[in-house]
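Asks: Take a look at the following structure, please.
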Amino acid sequence: MYQLLSWTVLFLTYATRTSVNSVKFSPNCGKLEKIPGDIRTYAPWTAAIFVRLPDSTIMFLTAGTILGPNTVLSTARGPFGAVLRGTNDDGLLPPRHIFIVAAGLNSTDYDAADAHAQFSEISYLEPSMYHEDENEQYHYMIYHLKTPFDFKTPYVKAICLLEEIKDFKTPLFGFEGISSGFAVRTFKESVAELKISVVEFLSEDLCSSYFRFHYRRELNESQVVCGAKKGNGSEVVSTSLEFLKNITRDSDPNLGSEEFCFLHGSVVFFELSTQWFLATVVTLIPGRKKGQCNDQNVYIYGRIGAHINWLVSSMTCSPEFACEDEAKTCIPIKTVCNGVDNCPSGKDEQERFCKAQDECNLYTKKPMHSCGITGKCILKSELCNGKPDCDDGSDEEIELCASNPKNNFGLTLRSSGKKCPTLELPKV
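With mature numbering (1 follows the signal peptide of the UniProt record, and there is no 0) as the guide, the letters of the sequence shown map in order to residues -22 to -1, 1 to 406.
Put into structure tokens, the structure is as follows:
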């Protein structure tokens, strides 16, 4: 038998070697205002992400975790771009206007929301640009909200991020954490309920065995860790058991024995100095395609350590765009993917990212140019024509026009107070 340790002990031991300034979070993140009997106030950072279908039906997509007023973290299938089934065929993300993010819900029944629920459309989708080459199973996604969530309520809060988790390499075998998310008793159910349970992490050998069986490939333990829900309250460490009892006002020692399965996007969190921190996110559920759902289900969680700098930067800048440079530059989202480098590193014009965001070419066969992620679309023939067609005039920027082929044939560049670049004319 191995000794069970809680996430609190695990990270408290590690975090005591770090400064207070190294803890990155929104103001008052991870602070609970518990209302016994109301499960939402025990996991107020749990969000539901919905999509609006062409017939106006609202469908639940996945769970998310609130990091800040404008940022919700979730995961998506496959490598960068595969948010919905089939949408990665052309490398494009789904249109942002189809998404609705909700918080303060008891279930995924959109129409059953009460006065405590909050809703927002999204400003833009931000997939992580850092992706391990061998990871073909999932990627992280941040949903940036148009309407900030209001945290002056027990029902909607942000969770904390611990920057030092990126350096933590210790195996998690035997450690416990509190897990929250939307769950079903059978995968045939159309509505999932908000649930909280205790999760215990499994050995790497057992995790590798599950992963190999279900996905026909070897596990990379630097990317994922496996865990299973503990079904009997008497097996749970005392601090976790007390947390569960307060949710339902139940002193039954078998608390937590109800069978249910967490859905994608559910999280594990831990307490540190009266604040709750994000540990990991459900990215894969082996057996789901076969309809298997019981308390023996193994969940595969994505490690967030390699992405923590991105999460902190994105949360800090939102609703603007994070350049992730040493100066911690934030730029307006309307200037991202407009053909002009605004970040010192050029991150805002990263080819793969901008191609995925390009909605301008979704509905027409005419060559179009995007004036930015949230900007309008113009014809490519309108680029560098001496007239600003984008609202910010970026379509006439010298940096963009210098690389425009038609300028190599004698088109006069307008003066904008900047030094005109040297153009090499084609030989005739």
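Ideal Cβ placement from N, Cα and C applies to all residues, glycine included.
Excluding the five sequence neighbours on either side, which residues of its own chain have a C-beta within less than 8 Å of the C-beta of Val214, listed in chain order?
Replies: Note on Val214: pLDDT 49, under 50, position unreliable in the model; the coordinate value appears next. The residues are Glu154, Val176, Lys208, Leu222, Gly234.
Asks: By how many angstroms is the C-alpha of Leu256 removed from the C-alpha of Asp16?
Replies: 21 Å
Asks: Return the CA-CA distance between Ile311 and Glu237, expressed in angstroms with no decimal places.
Replies: 44 Å
Asks: Go ahead and label Lys365 buried or exposed: buried means 16 or more other beta carbons lie within 10 angstroms of its beta carbon, across all protein chains shown.
Replies: exposed
Asks: Write down every uninterrupted run of the beta strand (DSSP E) in the stretch 73 to 122 whose length is 3 residues or greater and which is fully enclosed by it, in chain order.
Replies: List check, beta strand (DSSP E) in window: 77 to 81, 96 to 105.
Asks: Does Val290 come out as helix, strand or coil in the three-state DSSP assignment?
Replies: helix
Asks: Using 8 Å as the threshold, is the stretch 118 to 128 in touch with the stretch 238 to 245, meaning 3 or more CB pairs across them?
Replies: no
Asks: Hey, Leu103 and Arg74: beta-carbon distance below 8 Å or not?
Replies: yes
Asks: Can you give me the C-alpha to C-alpha distance between Asp303 and Ser323, rounded to a whole angstrom?
Replies: 7 Å
Asks: So, at 7 Å on beta carbons, what are the nonlocal neighbours of Val203 in its own chain, with the 5 sequence-adjacent residues on each side left out?
Replies: Leu150, Phe179, Cys185, Thr258, Tyr279, Arg281
Asks: Considering only their Cβ atoms, is the gap separating Ile309 from Gln335 smaller than 8 Å?
Replies: no
Asks: Please say whether Ser106 and Tyr121 have beta carbons closer to each other than 8 Å?
Replies: no
Asks: Tell me where the beta strand (DSSP E) around Lys12 begins and ends.
Replies: Careful: Lys12 lies outside any beta strand (DSSP E) and carries neither H nor E.
Asks: Do Ala25 and Ile44 have their beta-carbon atoms positioned less than 8 Å apart in this structure?
Replies: yes
Asks: So, for Thr164: in the same chain, excluding its five sequence neighbours on each side, which residues have a beta-carbon less than 7 Å away from its beta-carbon?
Replies: Cys271
Asks: Based on the DSSP secondary-structure assignment, which residues constitute the bridge partners of Gly42?
Replies: Residue pairing by DSSP places Gly42 opposite Ala25 in a beta bridge.
Asks: Tell me whether Tyr133 sits in a helix, a strand or coil according to DSSP, three-state version.
Replies: coil
Asks: Is Lys135 buried or exposed, if buried means 16 or more other CB atoms sit within 10 Å of its CB?
Replies: buried
Asks: Would you tell me roughly how many angstroms separate the C-alpha atoms of Ser372 and Glu298, rounded to the nearest one?
Replies: 18 Å
Asks: Is Phe165 helix, strand or coil by DSSP?
Replies: Phe165 falls in the coil class under three-state DSSP.
Asks: Cβ of Ile76 within 7 Å of any heavy atom in the ligand ZN?
Replies: Of the ligands one can find in the structure shown there are none, so the ligand ZN has no counterpart to examine.
Asks: Go to Lys207, then tell me how far its beta strand (DSSP E) extends in each direction, as first and last residue.
Replies: 202 to 207
Asks: On a CA-only basis, which of Lys343, Leu172, Ile137, Arg55 is nearest Trp254? Give me that one, please.
Replies: Ile137
Asks: Give every residue of the same chain whose Cβ lies closer than 8 Å to the Cβ of Glu360, excluding the five residues on either side of it in the sequence, and list them in chain order.
Replies: Annotation for Glu360: His347, Asp367, Asp373 place their beta carbon closer than 8 Å to its own, counting only its chain and skipping 5 residues before and after.
Asks: Return the Cβ separation of Leu378 and Val290 in integer angstroms, given the expectation that the two are a contact with Cβ distance under 8 Å.
Replies: In fact, because the Cβ distance is near 31 Å, the residues do not count as touching under 8 Å.
Asks: In chain order, what residues of the same chain lie with their CB nearer than 7 Å to the CB of Arg392, ignoring the 5 residues before and after it?
Replies: Bear in mind that a pLDDT of 47 at Arg392, under 50, signals an unreliable position, so the model cannot answer this.
Asks: Tell whether a beta-carbon distance below 8 Å holds between Thr40 and Val169.
Replies: No, these two residues do not count as a Cβ contact at 8 Å.
Asks: If you draw a straight line from the alpha carbon of His285 to that of Pro345, how long is it in whole angstroms?
Replies: 35 Å
Asks: Give the straight-line distance between the Cα atoms of Met37 and Leu83, rounded to the nearest whole angstrom.
Replies: 15 Å
Asks: Can you round the beta-carbon distance between Asp369 and Lys354 to whole angstroms, since I take them to be within the 8 Å contact cut?
Replies: 7 Å
Asks: Skipping 5 residues on each side, what residues in its chain have a beta carbon closer than 6 Å to that of Asn(-2)?
Replies: Bear in mind that a pLDDT of 46 at Asn(-2), under 50, signals an unreliable position, so the number given afterwards is only what the model happens to contain. Nothing meets the Cβ criterion.
Asks: Any idea if Ser251 is buried or exposed, counting beta-carbon neighbours within 10 angstroms, 16 or more meaning buried?
Replies: exposed
Asks: For Gln328, which three-state DSSP category applies?
Replies: coil
Asks: Alpha carbon to alpha carbon, how far is Arg18 from Phe160?
Replies: 11 Å
Asks: So Thr261 and Gln115 are supposed to be a Cβ contact under 8 Å. How far apart are they, rounded?
Replies: 7 Å
Asks: According to DSSP, is Thr258 helix, strand or coil?
Replies: Thr258 falls in the strand class under three-state DSSP.
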